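J.: Following the working numbering from start to finish, the sequence shown increments by one per residue and tops out at 502.
Glycine included, C-beta positions come from ideal geometry on N, C-alpha and C.
Predicted model, so just to flag it, every value in this text is computed and none were measured.
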Amino acid sequence: MTTSVVGLLIVAAVTVTMHAPRAWAKNPEPVDAENLARDTAKIDPATGARLWRELAERGVANAQYELGFAHRFGRGVPRDPSAAAEWIAKAAEQGHLEAMIDLVGFYQRGAGVQRSDSEAVRWARRAAERGSARAQNQLAYMYERGLGVTIDLAEAARWYRLAAEQGEPNAQFQLGFLYANGRGVTRDETEAAEWCRKAAERGHAQAEYTLGTLYFFGRGVPQDYQRAVEWFARAADQAIVEAQFQMAQMLESGQGVDRDDTQAAVWLERAAKQAHPTAQARLAARYAAGRGVARNIARAVEWYQRAAEQGVLAAQLALGNVFFLGTDGIPVDRAAAATWYRLAAMQGNVDAQTILGWMFDRGAGVARDIPEALVWYRRAAERGSIATQLELAYLYLDASAATYDPHAAALWATRAAQQGSAEGQFMIGVLTATGLGTATDLPDAVAWLDKAARQGFPEAKIVLDGLCDAIPPACAALPLTTR
């Protein structure tokens, strides 16, 4: 037998030995056995799980944890939350730090165990007292929110600080938040910004966005739009939707960065795709105007609709206008317009209330319904819409309609007149002169007609001249140049 053949046989024997772990020693050292189980699990999860079980049953804490981990994710054994919790609890009872931390989550979620905030606190505290930054952060959150313990913001701040000083980014961010709002600590914007910076420098996305906001407003740091853009960009790259929207804002306005409509549209689209409602509405407006993107009304309608469905008033109103008028291949659809105008009107938009009232008044896109028209006209009129106040006055003056009410007509004509409407001044002037809906008062009528005439309302001049010719004393108070 040659030397090379002998060498090959030795290699083969060693290989067989490695894949038959129980044959090489009856009681291998735990560390060696753990390494063997770990290496085996990488290439053969089922055999690895069997090896972990043998060690776990011998009381090896790390093996108990690994076996629980295997059951948790179904690696080499059936996925079994109860078995996972059982083995991880055994490891935790022996002081296995990662097991303690995992048990916190199990009890918080009720995964494999009965949900219990108090048990979650117990394990978080044990791990936190062992110096685990992650557990300290968890325990701080429990004190902040009152999960399993009475709310104690000072204690929350203490545990956040311990974790933060170990470099735990979420604890750093949360500690900054407490300082910013004076919760559990004395309010200190500078300290808040410093902890936020530490978290941001460790890649905490929400901290990056918040630090950008602090620079934008100069809270705890000098106001610096360029630094704000820098941090907004980092957070935006991590898909923080508000940061993406802020990037669009900065690029639109040219604050801290060169103005760039094209890049602004890019960031708006990213935020819009994450369902940011205002970004969707703004992107729609850009597609409608061709600003930073090629003009595309169909895309504009698509984004307006997404924003409108999330309750963005401007988008609802824009859709109403698009369907009311029709444009660029979008056909007139008064029924659809009424749907969107109604949603905007219900949010208190005066223009939508006015148009919706007009649609019910005229039966445009909806069945004619004068009482419903009056509802929407009144809402807009009460918020100061002159056009709607006049519409109401005319409706109430229609003697052939069930709505005939001269007194109400005079009321709304007066409201419009008092806001400077020449038409309203003319109308109340005529009503006051004739005593329709209000007491006859010729001097008052003349005064209103004169105001309307001075604004160039031609009918007012005609009526005023006729009144002055017929009843000269009524116009005695007018300047000679007017008569």
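1) Considering only the alpha carbon of each residue, which of Gly485, Ala333, Gly129 and Met119 lies closest to glutamine 157?
2) Would you give the residue range spanned by the alpha helix (DSSP H) that isoleucine 316 belongs to?
3) Nearest-angstrom Cα distance between alanine 418 and alanine 428?
4) Indicate whether alanine 355 and alanine 334 have their beta-carbon atoms separated by less than 8 Å.
5) Note down the Cα distance separating glutamine 242 from proline 296, rounded to an integer number of angstroms.
6) So within the region 369–449, which uninterrupted alpha helix (DSSP H) runs reach at least 4 residues, ignoring any that extend past its ends?
7) CA-CA distance, isoleucine 316 and aspartate 352?
8) Let me check understanding here. Comparing Cα to Cα, which of Leu166, Ala159 and Leu344 lies closest to alanine 175?
9) Check threonine 346 in the structure and name its three-state DSSP category.
10) Can you check whether the C-beta of alanine 267 is within less than 8 Å of a C-beta belonging to chain D?
11) Given asparagine 189, which residues of its chain have a CB within under 6 Å of its CB, disregarding the five upstream and five downstream residues?
12) Return the first residue and the last residue of the alpha helix (DSSP H) that glutamine 157 is part of.
13) Should glutamine 113 and alanine 80 be called a contact, given that it needs their Cβ atoms to be closer than 8 Å?
14) Give a yes or no on contact between the region 392–399 and the region 372–380, applying the rule of three or more CB pairs nearer than 8 Å.
15) According to DSSP, is glutamate 187 part of a helix, a strand, or is it coil?
16) As a quick exercise: from Glu163, Gln185 and Leu181, pick the residue whose alpha carbon is nearest that of arginine 202.
17) Could you tell me the distance, in whole angstroms, from the CA atom of leucine 486 to the CA atom of cysteine 494?
18) Out of Arg387, Arg314 and Phe445, which has the shortest C-alpha to C-alpha gap to leucine 409?
19) Out of Gln437, Ala152, Val312 and Ile349, state which residue places its alpha-carbon closest to the alpha-carbon of lysine 470.
20) If we count the other Cβ atoms within 10 Å of its Cβ and call it buried at 16 or more, is aspartate 380 buried or exposed?
21) Just how far apart, CA to CA, sit serine 151 and histidine 115?
22) By Cβ distance, which residues of its chain are closer than 6 Å to methionine 161, with the 5 residues on each side in sequence left out?
23) Measure the alpha-carbon distance for alanine 218 versus alanine 255 and round it to whole angstroms.
24) Taking 6 Å as the limit between beta carbons, can you name the residues of its chain near leucine 287, skipping five residues before and five after?
25) Going by C-alpha distance, which of Gln225, Glu249 and Tyr413 is nearest phenylalanine 235?
26) Classify glutamate 261 as buried or exposed, calling it buried when 16 or more other Cβ atoms lie within 10 Å of its own Cβ.
27) Pull up the distance between the alpha-carbon of proline 504 and that of alanine 441, whole angstroms please.
28) Within the same chain, show all residues whose beta-carbon is closer than 8 Å to that of alanine 420, passing over the 5 residues directly before and after it, in chain order.
29) Look at the Cβ atom of alanine 313, then the Cβ atom of glycine 275, and state whether they are nearer than 8 Å.
30) Considering only C-alpha positions, which residue in the set Ala130, Gly129 and Gln185 is nearest to arginine 149?
31) Smallest Cα separation from proline 425: which of Ser404, Gly439 and Thr451?
32) Please report how far the alpha carbon of arginine 72 lies from the alpha carbon of phenylalanine 192, in whole angstroms.
33) To the nearest angstrom, how far is it from the Cα of alanine 60 to the Cα of arginine 305?
34) In three-state DSSP terms, what is aspartate 99?
T.: Let's see:
1) Met119
2) 316–328
3) 11 Å
4) no
5) 28 Å
6) 369–381, 389–401, 405–416 and 425–437
7) 15 Å
8) Ala159
9) strand
10) Absent from the structure is chain D; it holds one protein chain and no more.
11) Asn156
12) 152–164
13) yes
14) yes
15) coil
16) Glu163
17) 8 Å
18) Phe445
19) Gln437
20) buried
21) 11 Å
22) Val140, Gly167 and Val168
23) 16 Å
24) Ala267, Ala298, Arg301 and Leu302
25) Glu249
26) buried
27) Outside the shown range of the chain (20 to 502) lies residue 504, about which nothing can therefore be said.
28) Ile389 and Leu414
29) no
30) Gln185
31) Thr451
32) 40 Å
33) 55 Å
34) coil
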